[in-house]
Every structure is written in structure tokens, then in C-alpha cells.
Amino acid sequence: MLTLLGATTVVLVAGAPWMLPAAAGGTTLKSPQNVEVYIVDDTFILRWNMSNPSIRNVTFSAYYQTLGNDTWLKLPGCQSVANTTCDFSSLKLNVYDKVKLRIRAEEGNNTSPWHNIDSFTLFEKAQIGPPKVHLEAEDKTIIINISLPGARDSIMWALDSSSFTYSLDIWKNSSSGERRTETVYSRDKIYNLSPETTYCLKVKARLLPRKNGIYSPVYCIKTPVANKLPPPENIRLDSKNNIFVLRWDYPYGSVKWGHARPNVTFQAQWLYAYLKKIPGDSSGKWKQIPGCKNVHTTQCVFLQNTFRKGIYLIRVQASDGNTTSVWSKEEKFDAQLQITLLPPVITMKSTNDVSLRVYISAPEESENKPVNQNFPLIYEIVFWENTSNAERKIREKKTDFTFSKLKPLTEYCVKARALIEDDKWNKSSGFSDTVCEKTKPGNTSRTWLIAGICAAIFSIPVVIYVVKLLLRCISYVFFPSSKPPSTIDEYFSEPPLWNLLLLTSEEQTERCFIIENTNTISAVEETNQTDEDHKKYSSQTSQDSGNYSNEDESGGSKFSEELLQQESE
Numbered sequence: 059m060l061t062l063l064g065a066t067t068v069v070l071v072a073g074a075p076w077m078l079p080a081a082a083g084g085t086t087l088k089s090p091q092n093v094e095v096y097i098v099d100d101t102f103i104l105r106w107n108m109s110n111p112s113i114r115n116v117t118f119s120a121y122y123q124t125l126g127n128d129t130w131l132k133l134p135g136c137q138s139v140a141n142t143t144c145d146f147s148s149l150k151l152n153v154y155d156k157v158k159l160r161i162r163a164e165e166g167n168n169t170s171p172w173h174n175i176d177s178f179t180l181f182e183k184a185q186i187g188p189p190k191v192h193l194e195a196e197d198k199t200i201i202i203n204i205s206l207p208g209a210r211d212s213i214m215w216a217l218d219s220s221s222f223t224y225s226l227d228i229w230k231n232s233s234s235g236e237r238r239t240e241t242v243y244s245r246d247k248i249y250n251l252s253p254e255t256t257y258c259l260k261v262k263a264r265l266l267p268r269k270n271g272i273y274s275p276v277y278c279i280k281t282p283v284a285n286k287l288p289p290p291e292n293i294r295l296d297s298k299n300n301i302f303v304l305r306w307d308y309p310y311g312s313v314k315w316g317h318a319r320p321n322v323t324f325q326a327q328w329l330y331a332y333l334k335k336i337p338g339d340s341s342g343k344w345k346q347i348p349g350c351k352n353v354h355t356t357q358c359v360f361l362q363n364t365f366r367k368g369i370y371l372i373r374v375q376a377s378d379g380n381t382t383s384v385w386s387k388e389e390k391f392d393a394q395l396q397i398t399l400l401p402p403v404i405t406m407k408s409t410n411d412v413s414l415r416v417y418i419s420a421p422e423e424s425e426n427k428p429v430n431q432n433f434p435l436i437y438e439i440v441f442w443e444n445t446s447n448a449e450r451k452i453r454e455k456k457t458d459f460t461f462s463k464l465k466p467l468t469e470y471c472v473k474a475r476a477l478i479e480d481d482k483w484n485k486s487s488g489f490s491d492t493v494c495e496k497t498k499p500g501n502t503s504r505t506w507l508i509a510g511i512c513a514a515i516f517s518i519p520v521v522i523y524v525v526k527l528l529l530r531c532i533s534y535v536f537f538p539s540s541k542p543p544s545t546i547d548e549y550f551s552e553p554p555l556w557n558l559l560l561l562t563s564e565e566q567t568e569r570c571f572i573i574e575n576t577n578t579i580s581a582v583e584e585t586n587q588t589d590e591d592h593k594k595y596s597s598q599t600s601q602d603s604g605n606y607s608n609e610d611e612s613g614g615s616k617f618s619e620e621l622l623q624q625e626s627e
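Here the sequence shown stands for residues 59 to 627, where the numbers follow the working numbering.
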């Protein structure tokens, strides 16, 4: 491990050496100089320069102190060291805790002043060591397996094992100028190489944002003879409605109208991309894509809901009988970028409170099963009155909501589209079909209807009375009664006018009373012929009627005078 000391080191702040008075008969010792802490993975090295190289039998001892502890403890592996380096990898500390170091020179009882090192964390000073690399050649590719930096039970990178990325430099062994750099996973493939050619490479690990590791040693390998059955090329994925169409090119034999040779079949597999970042072999975790096994065409179709939200890898392999090609280059795709959102299905119902309730559902497949988009969706709804161009737009996460406070007996229309709930993707479906519905009358109209019925019921007697009164007035004006009013009739002693107008053979009699004395009253009936009176009345004028009345009055006065005379006698 000490061979790594030639790599980049971290020089820590050191105070200027100073001298103490020499002990009696002794030599003055100086503090160590250029003290450095060098950490690679889980190897902790402390190194320094000797200030008195001419003095023999000088040893060095180092101590450490953790934050919150005032006691200085012996640094393991760095006690009475005769060399100018010591390994304190056995120190069991949290790599994120602050620690202080100090070191001094010793010769018997004679010691130098302490050289103090400012506080630091082990992780902060650590460098990423060179990774171990294992290579395999396959057709025109090289399979590379990279081990994690540090030991198997490393405490330094325990929390970062899946965060490493690797930078690879590769070149042909016969060429010193043509190099290419690629970013690879811990287990990956290098494509587009020439067969029967020796390639050399070296790898270093990186831990973002600031840590760059040390390059590994150079590894070389020769690619084998090209396989008779080449792998598919130019893998691409297209989306259409609710399906994915996976296409590829195949250079072997005659490929026309999307068909390869009759005996060649293809299969496609997928893998979660994050599994590539996890150390270890992920070859057994690939899964078959439904509908993409043993296909004779250079494309296959599968449903979009095969993939949920995330990033995936896809690969394709060709087969011809018992001969198979190597897998194609693995293509990465983001399901969220490839997905095609279908317009939602809208239904709308009118409620009794002059509202419209809207239901949004996913589109259906041919088997009448809902299409699961596998993404958190929001919906943009456009709502308007059918007779107006004024639109109202809202966004809802719910698939069931209500538009309230609408006009009764009015037709409203609605349409909607689906959006992915992530502004950075900017993915949306087309608008659904427009659905229109008319609102119900509501409770207000019902109240007015009831009030109208009640008013009509109560107004019937009033109408009847008014009509009756009107008929009476009409009858009085156009069809007057033959009998005079009672107020006039009581002033006439003659028979009523209507009796005079009647043509009848019956005689009219008039009763008169003759008072002979106060004790006896006799009644005399005078009978007049009705015909004579009728003729007499009809022949008289209005003046005659007045005379008749006067005569009647004079007759009455004479009757009164006779009555008074009898009483006086």
C-alpha cells in the first residue's frame, strides 16, 4: 500500500519548528516538519520529515483527540516509530467526525515540542483509490467489471457505493494517439470495436461533486473473431396512442418491408437503469418485454403500461436456429418522455340544485379495460355556456367534481385533457370529446310554480265575484228590471207600474176602510174594472199622471176630514 504514496498528497498546516533548551548533557530536538495526512480509501497514513537527520535513535509518537473530548489518546500504529511514516488505519472512528492530531520526536527522555495538525474529517481528506478491473471479450465488444474502491467492508465509502461513476480511457494497443473516453457503469459493455484486435484501457472512479479517483493500472485484452450472427443495431422506441413500437435494424441477410431472413427471430428485454449503478452482476435481472419474443419482424408492439415512471434499458438479440448473436447495445429511455397520453373520457350529469357534476375516467382498451397511465395526472377542464364563447379553465387532480351556481334550464359544455404532474416534462394529451348537458329547473323554479298554483287557487273566488258583478252591471244596463226600486214604489199609491203593463183579465181590487166610529170599522171594497183603468192610464199623458196623483191626494184629504168630524161628534 505504501507504493500509493507517490500519488497526490494533502499537505496540512504545520507550525514552524521551535527549540527547547537542551537537557543536561543532551542534544536539542526539533519538531517533525512537513507533516502530512494521506488517506486513500480505508488506508490512513501519517508521514513527515525528520528535522535532525544527524541524530540517531530518534523515534516519533503521535496522538489524536476527537471533538468534545479534551483527552489526547495514543494514535494506534504511530507510537515510537523509527520511520517517517506510520499507518493508523486501525483507528475506529466515524469518518465524518472531526479529529485533531499531534506528533513529536523522542530520544530517550529528550523530546521535541509538539507539532499540531488542524482538525479535519477522515472523509474530507480521503482520496478514491484505483478500482480493480476485470475484462471479458465478446464478439466486437468488451465486457468490463469494475470493483468498488476500497476493501469489501469499507467504512469510507459505505454510504456512497451506488453513487460512483467511472471514467474509462480505451485505445488500440498498436496506436498511441487514438483514445476515446467513456462513462461506464460498474458492469458495462464497450461497443463498436474491431474483431481480433488488442485494446488497452484504464479506469478511475468519480464521486460527485468534487472527488476524482486515481487511475487503475492499464489492462489489455484481444477481441475474438466476429460472430457469424451479428446483433441488431440502431434500437429505437416510438409511442403511438397507448402502445410502444420498438424498432431496430438488422444488417444480416435481406431485410425488406421490416422482415429479416425467414429463420431469424428476435427477442427484446428490459432492465431498470438504476440497477446498473448497484455493484454486482445484474445480468439475471433482465426481463422479457411482452409481445417481443420470437418475432420475425424488426419491430414489436407492447402496451405503454408495461413501464411505469422511470428510466429503463432495452436490448435486442437475434437468433437463427441454435445460433444466437450477442445482445445489442443497450439503449436507455425515459418512460415519461416516451409516453403518449390519451384524451380522458368525460361524463356530465345535472343535479337538482342547478349544478353539473363532471366525471373523468381513463380511456379504455379494446377489452373494455381502463388504460392505466401509471403517472400522477392532473386534468385541465374547459367549461362554458353553450350559447356563449366565454370559457372557464380550471385544473383538478380529482376525477369527480361539481360546477355549482349555474343558471337553471341552461345548456353547458365541457372538455378536458390530461397533463403529467411535473412541469419539466411538459407532456399532455389531446382534448376529449365535448360533452353538453342542460341544468334542471332547481328549487327556485319549483317554489315559483307552487306559489303560482296557490295564487291561482286563491284568485278563483275573486275572479268569480268580479265576473258576477260585471254580469250584473251589464244586465242592469242592457236588460233593466220592469219593477221600480222600492224607494220609489212606496210613494205611489197606484198599483205598481208592471201590474198596469200586464194584460190580464183579472180585476184589480182596492181595499178602503170607512171608520164609522172609534169602536167600529167597516171595510168596503171598491171594484173597478181593470180594462177601464188600463185604457184610462194608457190614454193619459205624464200631466194626467200628475192630475191623478193630485186627485188621489184630495180624496185622501176628504177622507181625513170626515174621520175627524166623526171623532168630534
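Backbone N, C-alpha and C define an ideal beta-carbon position, used for all residues, glycine too.
With a cutoff of 9 Å on beta-carbon distance, E389 and L295 are scored as near each other. Residue nearest to C136 within the set T142, T129, A120 and D128 is A120 (criterion: CA-CA distance). Every alpha helix (DSSP H) of 4 residues or more that sits fully in the segment 374-446 is shown, in chain order, as 393-396.
With the rule of 3 Cβ pairs closer than 8 Å, the segment 194-214 counts as touching the segment 279-294.
Counting other Cβ atoms within 10 Å of its Cβ, A326 reaches 16 or more and is therefore classed as buried. Nearest Cα to N203 within the set Y257, T255, K367 and G338: G338. Looking at the DSSP output, F118 shares a beta bridge with V139 and A163. Only exposed fits G379, as fewer than 16 other CB atoms lie within 10 angstroms of its CB.
Shown here, N250 sits in coil according to DSSP, grouped into three states, outside any helix or strand. In the three-state scheme derived from DSSP, where H, G and I count as helix and E and B as strand, K190 is classed as coil. For the options W229, E164, Y154 and I508, the alpha carbon positioned closest to that of I213 is the one of Y154.
For S112, the closest alpha carbon among the candidates K88, T124, V95 and N92 is that of K88. A contact is defined here as three or more CB-CB pairs under 8 Å, and the segment 363-370 fails this definition with respect to the segment 445-458.
Distance between F360 and Q375, taken at the CA atoms: about 17 Å. Pairing L304 with C358, the inter-Cα distance amounts to about 5 Å. Setting aside the 5 residues that flank it on each side, S297 is surrounded in the same chain by V303, Q362, Q396, I397 and T398, each with a C-beta closer than 8 Å to its C-beta; the list follows chain order. The alpha-carbon separation between S517 and R530 amounts to approximately 20 Å. In its chain, beyond the 5 residues on either side, V359, F360, L361 and Q362 have a beta carbon closer than 8 Å to the beta carbon of I301.
Counting every other CB atom within 10 Å of its CB across the protein chains shown gives G342 a total below 16, marking it as exposed.
When rounded, the separation of the alpha-carbon atoms in T355 and F324 is 8 Å. Take the alpha-carbon of N115 and the one of N270: they are about 40 Å apart.
In the structure shown, the three-state DSSP call for F146 is coil. Straight through space, the alpha carbons of D246 and W306 are spaced by roughly 21 Å. One alpha carbon belongs to A393, the other to S490, and they sit about 23 Å apart.
Distance from the Cα of A474 is smallest, within the candidate group V416, L217 and L226, for V416.
In this structure, S109 lies away from V191, with their beta-carbon atoms at least 9 Å apart. Rounded to the nearest angstrom, the Cβ distance from L226 to T239 is 7 Å, consistent with a contact under 8 Å. Positions of the beta strand (DSSP E) runs, each at least 3 residues long and wholly inside the segment 281-345, are given as 291-298, 301-307 and 322-330 in order along the chain. P519 sits in a helix when the DSSP states are folded into three classes. Following the DSSP letters along the chain, one finds E236 in no alpha helix (DSSP H), marked with neither H nor E.
Within its own chain, the residues whose Cβ lies closer than 6 Å to the Cβ of T405, once the five positions on either side in sequence are excluded, are Y417, listed in chain order. For F178, the enclosing beta strand (DSSP E) covers residues H173 to T179. For E182, the secondary structure class from DSSP, reduced to helix, strand or coil, is helix.
Under the DSSP definition of a beta bridge, R366 lacks any partner.
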